[in-house]
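Just below is one structure, and these are the notes that go with it.
Numbering (the working numbering), first residue to last: 457 to 559.
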């Protein structure tokens with residue numbers, strides 16, 4: 457999600473996606489997404505991300521879905537474990553290796 461990445465990460469999503477595409481062709485990569493309640497935890501967002509990874513880096517690319525905890529300026533509640541578990545189920549529709557972190 458370009459809007460989320462620009463606002464929360466203060467970066468250019470296109471640059472990250474380009475690196476993933478190029479690196480995925482020549483070496484082993486693993487990707488991590490910090491799942492933040494209300495910002496990037498919708499089923500559509502998770503499904504779209506997993507499908508993009510499958511299409512551009514391959515279905516065997518490991519994806520780590522990490523639980524968010526409040527820190528510094530971000531004061532949202534921690535990601536519910538149920539949200540992470542559901543996100544894993546959704547991501548596994550496209551990817552073979554999906555792991556949960558910060559649990």
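Don't be surprised by glycine CBs; every beta carbon is placed ideally from N, CA and C.
Predicted model, so just to flag it, every value in this text is computed and none were measured.
- Between residue 521 and residue 540, the beta carbon gap of about 6 Å places them in contact (Cβ cut-off 8 Å).
- About 7 Å separates the beta carbons of residue 492 and residue 535, which is inside the 8 Å limit, making them a contact pair.
- Every beta strand (DSSP E) of 3 residues or more that sits fully in the region 481–506 is shown, in chain order, as 487–491.
- The residue from 494, 489, 524 and 527 with its alpha-carbon nearest to that of residue 547 is 489.
- Contact annotation: residue 553 and residue 499 have beta-carbon atoms that are not nearer than 9 Å.
- Annotated three-state conformation of residue 478 is helix, per DSSP.
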